[in-house]
Amino acid sequence: MKPLMELITKRPILNYRMTVHSDQGIQYQTKAWRQTLKKNHIFQSMSRRATCLDNASMESLFHTMKVELYYEHHYQAKP
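For what it's worth, the working numbering labels the leading residue of the sequence shown as 215, then goes sequentially.
Put into structure tokens, the structure is as follows:
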């Protein structure tokens with residue numbers, strides 16, 4: 215919720231509808247999340263269950279980020 219609040223406080227005044235698109239993760243279905251979006255006039259768009267093609271360009275971007283930032287990075291275990 216903190217990143218959403220930071221976005222809301224830092225965004226400029228817009229003359230068009232702002233949309234947040236997400237998957238159906240439980241964090242995006244909570245009452246607090248939905249109310250915060252509604253209160254700030256942000257439209258919530260959610261992918262259909264198990265359908266990555268709903269937002270293919272963003273799914274591709276997140277896949278690339280995960281591959282480059284996480285999968286090839288070797289983390290050292292704590293002793």
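Here a beta-carbon is modelled for each residue, glycine too, at the ideal position from N, C-alpha and C.
Keep in mind it's a predicted model, so treat the numbers as computed, not measured.
- Of all C-beta pairs linking the stretch 277-284 to the stretch 237-256, fewer than three are shorter than 8 Å, placing the two stretches out of contact.
- The alpha-carbon separation between Lys-216 and Ile-256 amounts to approximately 16 Å.
- Considered as a whole, the stretch 216-288 harbours 232-236, 256-260 as its complete beta strand (DSSP E) runs of no fewer than 3 residues, in chain order.
- Straight through space, the alpha carbons of Ser-236 and Glu-273 are spaced by roughly 10 Å.
- One alpha carbon belongs to Trp-247, the other to Asn-229, and they sit about 23 Å apart.
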